[in-house]
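Since the structure comes first, as structure tokens, the remarks are kept for the end.
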Amino acid sequence: MDIKNIKKYQIEYESLLKKYEAIVLNEELSSFQIARIIDIVDSFWLDKLNIIEYELEQITYDNDCFLLSGVIYLDIESNEHYSYKTLANYHFLYDPLHKLRNFFRGVKIRSKKENIDLFKRTYKDTLKVLELKKHFFILPISLMVIKDEHSHVEMIRNFYLNSLGSFFDKEFTSFDELFQSFNNYDEIENSLNPNIKEALLIDDEYIFESIETFIKYYFKKRDMLYILDVKSEIEQFSMIIEMQLMQILDILFCSIALNLSPACKNRSELDTNVGVRPDAKTEFNRTVKRS
Numbered sequence: 000m001d002i003k004n005i006k007k008y009q010i011e012y013e014s015l016l017k018k019y020e021a022i023v024l025n026e027e028l029s030s031f032q033i034a035r036i037i038d039i040v041d042s043f044w045l046d047k048l049n050i051i052e053y054e055l056e057q058i059t060y061d062n063d064c065f066l067l068s069g070v071i072y073l074d075i076e077s078n079e080h081y082s083y084k085t086l087a088n089y090h091f092l093y094d095p096l097h098k099l100r101n102f103f104r105g106v107k108i109r110s111k112k113e114n115i116d117l118f119k120r121t122y123k124d125t126l127k128v129l130e131l132k133k134h135f136f137i138l139p140i141s142l143m144v145i146k147d148e149h150s151h152v153e154m155i156r157n158f159y160l161n162s163l164g165s166f167f168d169k170e171f172t173s174f175d176e177l178f179q180s181f182n183n184y185d186e187i188e189n190s191l192n193p194n195i196k197e198a199l200l201i202d203d204e205y206i207f208e209s210i211e212t213f214i215k216y217y218f219k220k221r222d223m224l225y226i227l228d229v230k231s232e233i234e235q236f237s238m239i240i241e242m243q244l245m246q247i248l249d250i251l252f253c254s255i256a257l258n259l260s261p262a263c264k265n266r267s268e269l270d271t272n273v274g275v276r277p278d279a280k281t282e283f284n285r286t287v288k289r290s
């Protein structure tokens, strides 16, 4: 079984994106133009979902296939793709442009210059990936797997709440119960599982002195310091863990649904968030099958 249509779609997708090259690279590119381009990209894929799903199901049956995850775009200029290419028979990627759709939904979010710059970088890198179409295949992974986005988010969030107990060696039946259990940063830090605490305070860039400095750094780096004024300290902590963990759970969900092996750029993040409980992937697999 060959993926001849998937290969053909890579060529067609490259041609589609090149039609908008002058618009994207223009200094006056607007967020509304970007939103329109993302809509066009989604329409391109929606017409082809059935064929893509069929070919992917056939090729994953007796081949080792990777889903490159954990990044919005693959930095081809820095040769990041070589380490992935040495493993597995086929390598699939989330459509990078589709993954950016939430960056351009709200008016305030859309207006941010850094979001527009991110789209430009991602657009250019996507074209470079498409030049390697014999080695890497961009697919509408989220469109293939997530048929009801609201139900999907609810399922992931419920699993997140169940998994959060491993952070504190305690089960929580609701977010209200979680938020009422801690009054300040010190209580959070003192209650954390030692292994989790160490993983949170030591990352690729810094060694944080405390959970408080970790939380404030996280929101400052993302230009979200206003969160410190509107959320309680446990809500701040939960928000950070939820954003990180839900990304990993989403990767696992898509990988299980499509019979792909997740390959994450930031492996430590996967180990920290999912590897905390040895049975996490098994439990998540059961959750996916029930959905």
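Per numbering that gives the first Met the number 0, the sequence shown starts with residue 0, numbered consecutively. Cβ coordinates follow ideal geometry from the N, Cα and C atoms, glycine included.
Item to check | C-alpha gap between L99 and T125, whole angstroms | outcome: Here residue 99 refers to the residue found at position 100 of the sequence shown. Here residue 125 refers to the residue found at position 126 of the sequence shown. Distance between L99 and T125, taken at the CA atoms: about 12 Å.
Next on the checklist: Using 8 Å as the cut-off, can you tell me whether the segment 133-142 makes contact with the segment 153-173, which would need three or more C-beta pairs spanning the two stretches below that distance?
Outcome noted: They do not touch, by the three-pair rule.
Next on the checklist: Quick check on T172: buried or exposed, where buried means 16 or more other Cβ atoms within 10 Å of its Cβ?
Outcome noted: Locating residue 172 in the sequence shown gives position 173, where the first residue counts as 1. It is exposed - the Cβ of T172 has fewer than 16 other Cβ atoms within 10 Å.
Checklist entry - Helix, strand or coil for L16 per DSSP? => result If you number the sequence shown from 1, residue 16 lands on position 17. Helix at L16.
Checklist entry - Over what stretch of residues does the alpha helix (DSSP H) that includes H134 continue unbroken? => result Here residue 134 refers to the residue found at position 135 of the sequence shown. Per DSSP, H134 belongs to no alpha helix (DSSP H) and is neither H nor E.
Item to check | When K17, S254, E20, K220 are compared against E204, the one with the closest alpha-carbon | outcome: As a first step, residue 204 is located in the sequence shown; it is residue number 205 there, counting from the start. Measuring from the Cα of E204, the nearest candidate turns out to be K220.
Item to check | CA-to-CA distance, E54 to D1, given in whole angstroms | outcome: For this step, residue 1 is matched to residue 2 along the sequence shown. For this step, residue 54 is matched to residue 55 along the sequence shown. So the two alpha carbons sit approximately 7 Å from each other.
Next on the checklist: For the alpha helix (DSSP H) containing L199, name the first residue and the last one.
Outcome noted: On the sequence shown, residue 199 is found 200 positions in, with the first residue counted as 1. First-last of the alpha helix (DSSP H) with L199: 193-200.
Item to check | Exposed unless 16 or more other CB atoms sit within 10 angstroms - verdict on A21 | outcome: Taking the first residue of the sequence shown as 1, we reach residue 21 at position 22. Exposed: under 16 other Cβ atoms inside 10 Å.
Item to check | Endpoints, the beta strand (DSSP E) within which F65 is located | outcome: Walking along the sequence shown from the start, residue 65 turns up at place 66. Note, F65: beta strand (DSSP E), 64-68.
Checklist entry - Any idea which residues DSSP pairs P261 with across the strands? => result The residue you call residue 261 lines up with position 262 of the sequence shown. In the DSSP assignment, P261 is bridged to L66.
Checklist entry - If you run the structure through DSSP and keep just helix, strand and coil, what is L126? => result Here residue 126 refers to the residue found at position 127 of the sequence shown. Reduced to three states, the DSSP call for L126 is helix.
Item to check | Close-in-space but distant-in-sequence residues of the same chain around I145 (CB under 6 Å, 5 per side omitted) | outcome: Along the sequence shown, one-based indexing puts residue 145 at 146. Result list for I145: H151, in chain order.
Next on the checklist: Quick check: what's the CA-CA separation for S231 versus I187?
Outcome noted: Within the sequence shown, residue 231 is the residue found at index 232, counting from 1. Within the sequence shown, residue 187 is the residue found at index 188, counting from 1. Cα-Cα distance, rounded: 12 Å.
Checklist entry - What's the C-alpha gap between L177 and F158? => result For the purposes of this step, residue 177 is taken as the residue at position 178 of the sequence shown. For the purposes of this step, residue 158 is taken as the residue at position 159 of the sequence shown. Rounded to whole angstroms, L177 to F158 spans 14 Å at the Cα level.
Checklist entry - Which whole-angstrom value is the C-beta distance of F91 and I37, which I expect to be below 8 Å? => result Within the sequence shown, the letter at position 92 stands for residue 91. Within the sequence shown, the letter at position 38 stands for residue 37. A Cβ-Cβ separation of about 20 Å leaves F91 out of contact with I37 under the 8 Å criterion.
Checklist entry - Under 8 Å, do Q9 and I137 count as touching if we go by C-beta distance? => result Start at 1 with the first residue of the sequence shown, and residue 9 comes out as number 10. Start at 1 with the first residue of the sequence shown, and residue 137 comes out as number 138. Yes, they are a contact pair.
Checklist entry - For F91, which beta-bridge partners are listed by DSSP? => result Counting from one through the sequence shown, the residue named residue 91 turns up at place 92. According to DSSP, which records beta bridges pairwise, F91 is partnered with L66, F136.
Item to check | Backbone CA spacing between I195 and N189 [nearest angstrom] | outcome: On the sequence shown, residue 195 is found 196 positions in, with the first residue counted as 1. On the sequence shown, residue 189 is found 190 positions in, with the first residue counted as 1. One C-alpha to the other measures close to 11 Å.
Item to check | Three-state secondary structure (DSSP) of I2 | outcome: Here residue 2 corresponds to residue number 3 of the sequence shown, with the count starting at 1. It is coil, neither helix nor strand.
Item to check | Neighbour-count burial assignment, R266, 16 or more Cβ in a 10 Å radius | outcome: As a working mapping, residue 266 is identified with position 267 in the sequence shown. With a pLDDT of 42 at R266, under the threshold of 50, the predicted position of this residue should be treated as unreliable, and no value is reported.
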